[in-house]
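**Student:** For reference, the structure I am asking about is given below.
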Amino acid sequence: MVLTFLEPFIHFKYLLTQLTSRELKARYKQSFIGYAWVILNPLAQLAVYSFVFSMVFKSPSADVPYPVFLFVGLLPWTLFYNSIAQATQSLVQNASLLKKVAFPREIIPYSVIISKLVDFFFSFLVFFGFIFVFKIQLESSAWIFFPLLLLQTAFTIGLSLILSAANLFYRDIQYLVNLVLMLWMYLTPVMYPLSMVPKKYWWVYQLNPMVGIIDGYRSALFGYDLRWELIGWSALISLLMFVIGFVLFKKAEKAFSDVV
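Under my numbering, the residues of the sequence shown are numbered 10 to 269, in order.
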């Protein structure tokens with residue numbers, strides 16, 4: 010299975026690179042300011058959510074300025090949201106390619122996710138600006154951010170493979186996904202700390218694998234106590250989703266030509 014997963018990155022790396030490049034170029038084609046939107050979009054979201062949740066709802070953020078607290082949760086969530094939403098539609102949008110060329114079909118959702126990761130790393134440069142402006146000192150645990158990002162990517166890949174294949178057979182999936190993702194954000198500590206979740210709901214709330222990942226980002230960067238039980242659960246679910254998603258996708262792949 011490992012070799013099968015790595016095949017697109019080894020034998021089809023040129024095609025993967027071309028599809029990823031196409032994703033990046035198409036997104037900002039004929040845009041006046043082009044790739045600057047990669048940074049401006051999250052900043053605009055940050056401004057709106059900061060006002061609503063810090064000024065209106067008075068959401069606490071421990072000893073970290075709320076815009077910084079929010080940014081560390083919002084940016085990874087935006088990566089997750091955009092990756093899932095667009096990867097779900099990726100096979101349908103590339104139906105003509107599925108008919109003409111022989112290649113591992115998972116390359117298509119992979120290219121979407123990789124392009125979103127590129128956007129993410131450029132957008133994250135803003136965080137270093139926040140560090141300078143608010144004089145925030147990163148903790149020694151900050152390196153944990155990257156293993157957490159790897160877990161999030163594994164979870165995203167697995168879920169994207171399932172949804173992109175399902176959407177090829179049932180086109181309503183893409184509309185349902187957008188609705189679920191919108192609700193999912195409010196069930197994840199993106200805009201508020203875990204301390205705001207009522208204890209009586211904690212047992213079901215922590216089943217959400219994105220809880221441990223998003224909370225882990227903040228804990229790693231700001232020196233909060235890492236909730237290893239949540240991170241462990243997120244790791245387990247992420248790896249299971251990755252394996253299950255890949256296996257199901259490869260099984261469904263045989264029938265793709267019948268529905269495009």
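C-beta atoms are modelled at their ideal positions from N, C-alpha and C, and glycine is treated no differently.
These numbers come from a predicted model, not from an experiment.
#1: So, helix, strand or coil for residue 158, using DSSP?
#2: If you follow the alpha helix (DSSP H) that residue 124 is in, where does it begin and where does it stop?
#3: Buried or exposed for residue 162, going by 16 or more other Cβ atoms inside 10 Å?
#4: To the nearest angstrom, report how far apart residue 114 and residue 177 are at their CA atoms.
#5: Using 8 Å for Cβ pairs, my map puts residue 28 next to residue 199. What's the rounded Cβ distance?
#6: Within the continuous alpha helix (DSSP H) that includes residue 27, where are the two ends?
#7: Please classify residue 221: does DSSP put it in a helix, a strand, or coil?
#8: Since residue 170 contacts residue 118 with CB under 8 Å, what's their CB separation in whole angstroms?
#9: Return the first residue and the last residue of the alpha helix (DSSP H) that residue 179 is part of.
#10: First and last residue of the alpha helix (DSSP H) that includes residue 250?
#11: Do residue 239 and the ligand GDP come close, with the Cβ less than 7 Å from some heavy atom?
#12: Could you give the DSSP three-state label for residue 144: helix, strand or coil?
#13: Kindly list the residues whose CB is nearer than 8 Å to the CB of residue 75, restricted to its own chain and excluding five residues on each side of it in sequence; keep chain order.
#14: Which full runs of the alpha helix (DSSP H) of 4+ residues lie inside the region 80-114, going along the chain?
**Tutor:** So, from the data block:
#1: DSSP places residue 158 in helix when its eight states are reduced to three.
#2: Segment 116-132, the alpha helix (DSSP H) holding residue 124.
#3: By the neighbour-count criterion, in which a residue is buried when 16 or more other Cβ atoms sit within 10 angstroms of its Cβ, residue 162 is buried.
#4: Residue 114 and residue 177: Cα-Cα distance of roughly 12 Å.
#5: Wrong, their Cβ atoms sit about 29 Å apart, outside the cutoff.
#6: It spans 22-36 - the alpha helix (DSSP H) in which residue 27 sits, taken as one unbroken run.
#7: Judged by DSSP in its simplified three-state form, residue 221 adopts helix.
#8: Yes, residue 170 and residue 118 are in contact; Cβ-Cβ is about 6 Å, under 8 Å.
#9: Where residue 179 is concerned, there is no enclosing alpha helix (DSSP H), because DSSP gives it neither an H nor an E.
#10: 237-261 is the span of the alpha helix (DSSP H), which, as asked, contains residue 250.
#11: Of the ligands one can find in the structure shown there are none, so the ligand GDP has no counterpart to examine.
#12: Three-state result, residue 144: coil.
#13: The residues are 59, 62, 63 and 68.
#14: Fully enclosed alpha helix (DSSP H) runs of 4 or longer: 104-109.
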